[in-house]
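Visitor: Residue numbers (the working numbering), protein chains in the order written: chain A, 1490 to 1859; chain B, 8 to 300. All C-beta atoms in this analysis are idealised placements derived from N, C-alpha and C, irrespective of residue type, glycine included. Bear in mind that the values here come from a model prediction, so they are computed numbers and not experimental data. Right, I'll just put the structure down here and ask away after.
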Ligand SMILES: Cc1ncc(C[n+]2csc(CCOP(=O)(O)OP(=O)(O)O)c2C)c(N)n1
Ligand code: SF4
Ligand SMILES: [Mg+2]
């Protein structure tokens, strides 16, 4: 069924298809529409979930943890300050190996108060043990949420998944998309370590260094295995629903001399820039990183690389640029752009490519024109 | 006659201090709750005394969770269990710090939402886990490692805060009165919705008394009126026998205070304020019991 809706509504529609047993969430701009829509589905009986209207994001994730450990499918959504407030429990969810799915609407962090798109909120959770995917369209938001449940709940993964969509640019932008009927795409959840009075035992008890170390390694092993599960799930999704996804979306990269790497809607904008540059005779291509955790292997060898980060790690640099440099030894031209919802057009991106200076960092709008 | 079951859910070899009132309390709580129970425990002494992974000294499932999050975690757990048609008791067993300080927001939220669970605060009147720092539940004049000269503020009135949420059942208790505690847990679990028990739990190293005196200290607290045993059932107050007797003929508060090293050097002014507060509470409860308020 083709429909037109915002990214937030698409997320809610996907949650309806996945039918989690428990949703616990707290409102925050620009995510609010997701929880409102889910509450509406629950109240009208279209979605037979328990909706827990918690009093904070810390409690939202705590409630998801309590529900999930009983073996119940669980969902929440947040953004920015909410994700930060939740931080302690975000780590807890992964450490406890609970396949919770969360939509995070990417928004800048205060101060000053700024409700517009930026990835720093989610990027700061990159080391928590959550899988992270960043989407570039309303359709992709819907599809990613459906797949997130299947991936998180796979016994080879059993880690939580965060689906990221850009504040306003996707959360509040109407686009046509197809509501796929989930059917049996997401198998029933079987949590092997579900809590059960018939099998008494301690969860999260004091753990010495040796065992703790093994448990941490087990998270990393599952994180590595998750790459294969993501691939399988995306292939199965393509066979079932006809839409194909990769770890990253490559655009006109085959013969490219320069590749733009970005995430979220900036990655889509980069594709328009690529077409413009090709028209000028510059052999450009783009790679939109979808899965940030596990981090993908990108083939950038022998090409110039322009990385656009909608995030920043103070005292270090753009996190995507830094990650690519560490993973592949690339010396990217690192552009910091779009913070706090700054507008970045395909023409701006084409400018970054034309004037690229490998190995340097450039703050768009601060360092002047390229 | 109430028969307290012989079955033990706290096995031998916990790492609790000798004479731990909190652990003694939990022993009775679990006997009353029975096998179909999940305990949710935030950071506190109880998270330590279970022992070290992969072993546990508790013979029921225990979900250990972050300090501020017990009530919210239990909220999710109870919701999911009820949705799956299960009647399993969900019991939070939290310290005073995890209740009156960092956990109060989650507690308030879970009660306001009508979560079906029992929240128990075992109150040793300080942060035991981290070495006896003050909490909002530390009484006036008590020395802790962060109030070396004695606390200058009175104990936070947790019960009034919980009562403001109008739960169907709430009570105070003390492990020096095990039958009373046992019955209160049974009663709390017979209700649907959020119920609450506040247990004064004498703590030998924290309060500085010798380990064989835990029960004596609990009895002194009640007999001096420094701790009142009562229930609030559907809003109706009942003062329990031992406290009723204490209200008629209380022992002097000094007998309780002098028995504990933490009150060493307490000012006469602080003692008199504590007596006034205790008298005011007794009066208020007596009035409420009679239905005059
Ligand atoms: C967010 C956070 N802050 C601080 C701590 C450290 N901490 C662990 S237990 C505890 C005190 C617990 O006191 P209480 O709740 O009274 O329980 P008790 O230890 O006395 O049994 C503190 C401060 C923590 N675990 N988490
Ligand atoms: S410090 Fe007090 S409450 Fe904690 S285990 Fe020891 S006796 Fe029990
Ligand atoms: Mg304490």
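For the region 182-189 of chain B against the region 95-107 of chain B, do three or more pairs of beta-carbon atoms, one drawn from each stretch, fall closer than 8 Å, so that the two count as touching?
Guide: Too few Cβ pairs lie closer than 8 Å, so no.
Visitor: Is residue 1574(A) helix, strand or coil by DSSP?
Guide: DSSP places residue 1574(A) in helix when its eight states are reduced to three.
Visitor: What are the boundary residues of the beta strand (DSSP E) that includes residue 1788(A)?
Guide: Residue 1788(A) -> no beta strand (DSSP E), and no H or E assigned at all.
Visitor: Report yes if the C-beta of residue 225(B) is less than 6 Å from at least one heavy atom of ligand 3; otherwise report no.
Guide: Not so, every heavy atom of ligand 3 lies at least 6 Å from the Cβ.
Visitor: Hey, out of 163(B), 251(B), 289(B), 69(B), whose CA is closest to residue 96(B)'s CA?
Guide: Out of 163(B), 251(B), 289(B), 69(B), 69(B) has the C-alpha closest to the C-alpha of residue 96(B).
Visitor: Report the start-end ranges of each beta strand (DSSP E) in the region 33-98 of chain B that is 3 residues or longer and not cut off at the edges.
Guide: DSSP runs (the beta strand (DSSP E)) wholly in the region 33-98 of chain B: 44-49, 69-72.
Visitor: According to the neighbour-count rule (16 or more other Cβ atoms, all chains shown, within 10 Å of its Cβ), is residue 1679(A) buried or exposed?
Guide: Residue 1679(A) is exposed by the Cβ-count criterion.
Visitor: Please go through the same chain and pick out, in chain order, the residues whose beta-carbon is closer than 7 Å to the beta-carbon of residue 1581(A), but skip the five residues on each side of it.
Guide: For residue 1581(A), where only same-chain residues beyond five positions count, the Cβ hits under 7 Å are 1554.
Visitor: With 16 as the cutoff for other CB atoms within 10 Å, does residue 1816(A) come out buried or exposed?
Guide: Exposed is the call here.
Visitor: Helix, strand or coil for residue 1688(A), going by three-state DSSP, please let me know.
Guide: DSSP places residue 1688(A) in coil when its eight states are reduced to three.
Visitor: Against chain B, with Cβ distances strictly below 7 Å, would residue 1616(A) count as a contact?
Guide: By this cut-off, residue 1616(A) is not an interface position.
Visitor: Can you list, in chain order, the stretches of the alpha helix (DSSP H) that have 4 or more residues and sit fully within the region 149-225 of chain B?
Guide: Complete alpha helix (DSSP H) runs here, min 4: 165-170, 185-197, 211-214.
Visitor: Would you mind giving the Cβ-Cβ distance between residue 115(B) and residue 1544(A), rounded to the nearest angstrom? I have them listed as a contact below 8 Å.
Guide: Contact holds; Cβ gap of about 7 Å.
Visitor: Return the CA-CA distance between residue 1794(A) and residue 1749(A), expressed in angstroms with no decimal places.
Guide: Each residue's Cα considered, the two are about 6 Å apart.
Visitor: Confirm the yes/no value for this check: CB of residue 1653(A), any heavy atom of ligand 3, distance under 6 Å.
Guide: Residue 1653(A) Cβ: outside cutoff for every heavy atom of ligand 3.
Visitor: What does DSSP give as the partner residue(s) for residue 239(B) in the beta ladder?
Guide: Residue 239(B) is bridged to 177(B), 244(B).
Visitor: Between which two residues does the alpha helix (DSSP H) holding residue 1655(A) run?
Guide: From DSSP, residue 1655(A) is part of no alpha helix (DSSP H) but of the beta strand (DSSP E) over 1650-1655.
Visitor: Would you call the region 1608-1617 of chain A and the region 1571-1585 of chain A in contact, with 3 or more CB pairs under 8 Å?
Guide: Yes: the two stretches touch, three or more of their Cβ pairs being nearer than 8 Å.
Visitor: Check each residue of the region 1542-1559 of chain A: if its Cβ is closer than 9 Å to any Cβ of chain B, include it; give the result in chain order.
Guide: Those residues of the region 1542-1559 of chain A that come within reach of chain B (Cβ to Cβ, closer than 9 Å) are 1542, 1543, 1544, 1545, 1547, 1548, 1549, 1550, 1551, 1552, 1553, 1554, 1555, 1556, 1557, 1558, 1559.
Visitor: Considering residue 128(B), what are the terminal residues of the beta strand (DSSP E) in which it resides?
Guide: Element bounds for residue 128(B): 124-130.
Visitor: Does the Cβ of residue 1700(A) have 16 or more other Cβ atoms within 10 Å, making it buried, or fewer, making it exposed?
Guide: That one is exposed.
Visitor: Under a CB-based cut-off of 7 Å, is residue 67(B) close to chain A?
Guide: With 7 Å as the cut-off, residue 67(B) counts as an interface residue toward chain A.
Visitor: Spatial neighbours of residue 1826(A) within its chain, please: C-beta separation below 6 Å, excluding the five flanking residues on both sides.
Guide: So the list reads 1797, 1833, 1853, once near-sequence residues are dropped.
Visitor: Under the rule that 16 or more other beta-carbon atoms within 10 Å means buried, what is residue 27(B), buried or exposed?
Guide: By the 10 Å Cβ count, residue 27(B) comes out buried.
Visitor: Specify, as a first and last residue, the run of the beta strand (DSSP E) that residue 1777(A) falls within.
Guide: Residue 1777(A) -> beta strand (DSSP E) spans 1773-1778.
Visitor: Between the beta-carbon of residue 1756(A) and the beta-carbon of residue 1606(A), is there less than 7 Å?
Guide: Contact flag unset, no.
Visitor: Considering residue 305(B), what are the terminal residues of the beta strand (DSSP E) in which it resides?
Guide: For chain B, the structure presents residues 8 to 300; residue 305(B) sits outside this window and is missing.
Visitor: Express the C-alpha separation of residue 254(B) and residue 289(B) in angstroms, rounding to a whole number.
Guide: So the alpha carbons of these two residues sit roughly 7 Å apart.
Visitor: Below 7 Å between beta carbons: does that hold for residue 56(B) and residue 21(B)?
Guide: Going by C-beta atoms, residue 56(B) is nearer than 7 Å to residue 21(B).
Visitor: Measuring alpha carbon to alpha carbon, tell me which residue in 1813(A), 1652(A), 1659(A) is nearest residue 1626(A).
Guide: Of the listed residues, the one whose Cα sits closest to residue 1626(A) is 1659(A).
Visitor: How would you call residue 261(B), buried or exposed, if buried means at least 16 neighbouring beta carbons within 10 angstroms?
Guide: That one is exposed.
Visitor: Using a Cβ cut-off of 7 Å, which residues of the region 1605-1632 of chain A contact any Cβ in chain B, in chain order?
Guide: Listed in sequence order: no entries.
Visitor: Taking 7 Å as the limit between beta carbons, can you name the residues of its chain near residue 1517(A), skipping five residues before and five after?
Guide: So the qualifying residues of the chain are 1567, 1568, 1569, 1570, 1571.
Visitor: Which residues of chain B have a Cβ atom closer than 8 Å to the Cβ of residue 1511(A), listed in chain order?
Guide: Under the 8 Å cutoff, chain B gives 83, 86, 87, 90.
Visitor: With residue 1835(A) as the anchor, note down where its alpha helix (DSSP H) starts and where it stops.
Guide: 1835-1843 is the extent of the alpha helix (DSSP H) around residue 1835(A).
Visitor: Helix, strand or coil for residue 1621(A) per DSSP?
Guide: In the structure shown, residue 1621(A) sits in a strand (DSSP, three-state: E or B).
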